[in-house]
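Step one of this worksheet: look at the structure below.
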Amino acid sequence: MKTQNSFSHLTLEERRIILAGITNGSAKTAIAQTIGKDKSTVGKEIKLHRTLTHKCKMPLECTHYKKCVYGRQCTPDCPEYSPFRCSRRDRSPGACNGCSNWSRCRFDKYQYSPEDAHMDYRTTLIDSREGVNLTVQEAKQMAAIIAPLLKQGQSPYQIVTNHPELGISEKTLYNYIENGVFHEIAGITVMDLRRQVSRKLPKKKAKTYKKRTDRKYLQGRTYKDYQSYLSDHPEVFVVQMDTVYNDETNGPFLQTFKFVRAGILLALYRNEKTSASMKEGIDILESILGTELFRKYVHVLLTDRGTEFSAAEAMEASHDGTRRTRVFYCDPMQSGQKGTLENKHIELRYILPKGTDLRELGLTGQSRLNLVLSHVNSSPCELLGNKSPLELTEFMYQDLYEKLLAFGIHPIEKDQIILKPYLLKQRNK
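Using numbering that gives the first Met the number 0, read the sequence shown as starting at 0 and increasing by one per residue.
Below you can see the structure in the form of structure tokens.
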């Protein structure tokens, strides 16, 4: 009776057992029983992967070569010609490893090497997969670059962008990983991809929401008003604002700002999620940038209708009472209207996942938050022409870039970018 794995792929250890069996002169049946495979599997393995290590110097292998009267110039028509047969080499086990007659034998000799056989197997396995054009050596070299970066939380897009020497596209890298090309070489699976596993949720019936009456602070600041203002002032810089937190009672609360044109994400560490705290956060942002740059780059603030952002007039005014910015609000339940910020929140969540205690994770203050922001803002973005937000800001908005550096947000070397929670556990960062 054949075992469940009789026809499954051989491992390197099983191939080493096959070599031991050949060396000991064991029959294929005995070797097969030892590793729990079918006899035919062992036979095919040896025949396919044995290597000719010595070539007979005679034209033909003849049993009578020692007593040949024709000068050992054998031909099939020779009346003395008798084909040589070796039961060990040609029948079972099928190779010459361990043969006691090795040094005296003048005929073709075949040896089996488990390491070479396994390498051949891996080459065949990779080359036979649809859409895969790699040798084992190429796959190993590629995996050496990819594996540590995936463990750091980088996406395939970021990896191929930062390493053009890989010579593949983002889609090709996804295909290689999904097809298991790097599984045995480096242990890379689809579970190493950040957003690979997803599921479709069943459609729910649309809920009917009672229309809200706009509060006073919303008058002249609705999303329609925002669109109208941008139509009249297309040159203005827009910053999208929101909050990120895991514990609504105890915080911490991150007041996030996305500078839309530059792609930069800035966030402030706050202990309260109140309108006074959010207004104070904007005051801090003004102090970071300076009044002149604040009014240049935070000309418009777009946020949602959370109660923490209800102090519109206070947020719009500087300490001297003059207008420093204009605040507008998205429509109810329309977070997509500030979608670029929501997308940045996804990257932020790679490091600060939902459901975790952010303080226990290591997010204990602004300096630790700046570390997170440095890694997020150093990651290349396709929408920014494969540049990172920090690279784009340095090139196009040098004055803003210098303020970010002074605040503590710094560029990270591409292969040192970490988008995983363990970033905050590093002591020397």
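All C-beta atoms, glycine included, are put in the ideal place defined by N, C-alpha and C. Keep in mind the model is a prediction, meaning the values are calculated, not measured.
Between the C-alpha atoms of V180 and H298 there is a straight-line separation of about 50 Å. Per the Cβ contact rule, the region 37–49 is not in contact with the region 143–152 (fewer than 3 Cβ pairs under 8 Å). Exclusion of the five residues before and after F406 leaves I287 as the residues of its chain whose Cβ lies within less than 6 Å of its Cβ. Taking 3 residues as the shortest admissible run, the region 67–153 contains the following complete beta strand (DSSP E) segments, listed from N- to C-terminal end: 108–110. For R49, no beta strand (DSSP E) run applies, since DSSP gives it neither H nor E. By DSSP's assignment, L264 forms a beta bridge with K257. Taking a 10 Å sphere around the C-beta of G361, we find 16 or more other C-beta atoms and assign the residue as buried. At the C-beta level, I411 and S366 stay beyond 7 Å of one another. Excluding residues up to 5 positions away in sequence, C329 lie with their Cβ nearer than 6 Å to the Cβ of D303 in the same chain. When the Cα atoms are used, I16 and S25 turn out to be separated by approximately 11 Å. Counted as a single uninterrupted DSSP element, the stretch harbouring D231 is not any beta strand (DSSP E) but the alpha helix (DSSP H) occupying residues Y222 to D231.
Exclusion of the five residues before and after T52 leaves K108 and Q110 as the residues of its chain whose Cβ lies within less than 6 Å of its Cβ.
C-alpha of I408 to C-alpha of L370: approximately 7 Å in a straight line. In this chain, the beta strand (DSSP E) harbouring F327 covers R325 to Y328. By the Cβ test, the region 112–120 is in contact with the region 44–64, since at least three Cβ pairs between them sit closer than 8 Å. Under the DSSP assignment, L292 falls in the alpha helix (DSSP H) whose first and last residues are T290 to Y296. In this structure, the alpha-carbon of A19 lies about 41 Å from that of Q151.
The three-state reading of DSSP puts R269 in strand, counting E and B together. Counted as a single uninterrupted DSSP element, the alpha helix (DSSP H) harbouring D398 occupies residues Q397 to F406.
Following the DSSP letters along the chain, one finds T242 inside the beta strand (DSSP E) bounded by residues V237 to V243. In this chain, T10 is not harboured by any alpha helix (DSSP H), its DSSP state being neither H nor E.
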